[in-house]
Amino acid sequence: MKTARPSGVRPASASRRLKHPVVLVVDDEAAIRLGVKMLLEHRLGAKVIEAASNAQALRAAKNRTFDLVISDYGRAGGDGLEFLREFKSRYPATPVIMHTAQLARIRQRARRLGASACLQKMMALPRLRIIARVLSAHR
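In this note's numbering, the protein residues as written are 9 to 147.
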């Protein structure tokens, strides 16, 4: 069942997404969230919101529209594929990139559940091209 956005929360405009995309980063490891946040803010000019659990991420999505979600697969506070399934059922138009140390194991399942891409957990600068491509494809 698709959940409507709260009143007053409007979809992001293409021009805002192009200049300053709003990205939700979901990972239980604070150091990983910080690394991804710094990379996205400094290289893409993104506004990054962090969540350490599925519940935090879903609460954040109730109050704000995201241009992209980057979610870890294995974490305390819930399974990443469980989060992907729930998030995409509520917000099917928002692209989600899964990042994981277990890439080969989850890639096909994540894509079937609606992930736009799957990346090896420790993102390097070349991976920003994938993120930029996903953002531009969903403007």
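For each residue, glycine too, the CB sits at the ideal point set by N, CA and C.
Three-way DSSP call (helix, strand, coil) for residue i in this model
i	result
residue 107	strand
residue 124	coil
residue 17	In this prediction, residue 17 scores a pLDDT of 39, lower than 50, which makes its location untrustworthy; no coordinate-derived value is stated.
residue 22	For residue 22, the pLDDT reaches just 44, beneath the cut-off of 50, and the residue's location in the model is therefore unreliable, leaving the point undetermined.
residue 129	coil
residue 54	coil
residue 83	coil
residue 72	coil
residue 49	helix
residue 92	helix
residue 11	Interpretation of residue 11 is limited by its pLDDT of 44, a score under 50 that renders its predicted location unreliable; the figure taken from the coordinates is listed afterwards. The answer is coil: DSSP assigns residue 11 none of H, G, I, E or B.
residue 27	helix
Residue i and residue j closer than 8 Å at C-beta
i	j	result
residue 149	residue 142	What the structure shows of the chain is the stretch from 9 to 147, and residue 149 is not part of that stretch, so it cannot be assessed.
residue 118	residue 76	no
residue 114	residue 139	no
residue 109	residue 96	no
residue 35	residue 72	no
According to DSSP, residues forming a beta bridge with residue i
i	result
residue 59	34
residue 77	32 and 104
Within-8 Å CB hit, residue i to chain C
i	result
residue 105	No chain C appears in this structure, which consists of one protein chain only.
CA nearest to the CA of residue i, picked from the options
i	options	result
residue 87	63, 97 and 112	63
residue 47	90, 78, 82 and 108	78
residue 111	73, 80, 122 and 45	80
residue 90	73, 74 and 122	122
residue 53	74, 27 and 43	27
residue 43	61, 107 and 94	107
Checklist line | Stretch pair the segment 31-39 + the segment 55-74: three plus CB contacts closer than 8 Å | finding: Output reads yes: the segment 55-74 touches the segment 31-39.
Item checked: Stretch-stretch touch, CB-based, cutoff 8 Å, three pairs: the segment 64-71 with the segment 37-47 -> Of all C-beta pairs linking the segment 64-71 to the segment 37-47, fewer than three are shorter than 8 Å, placing the two stretches out of contact.
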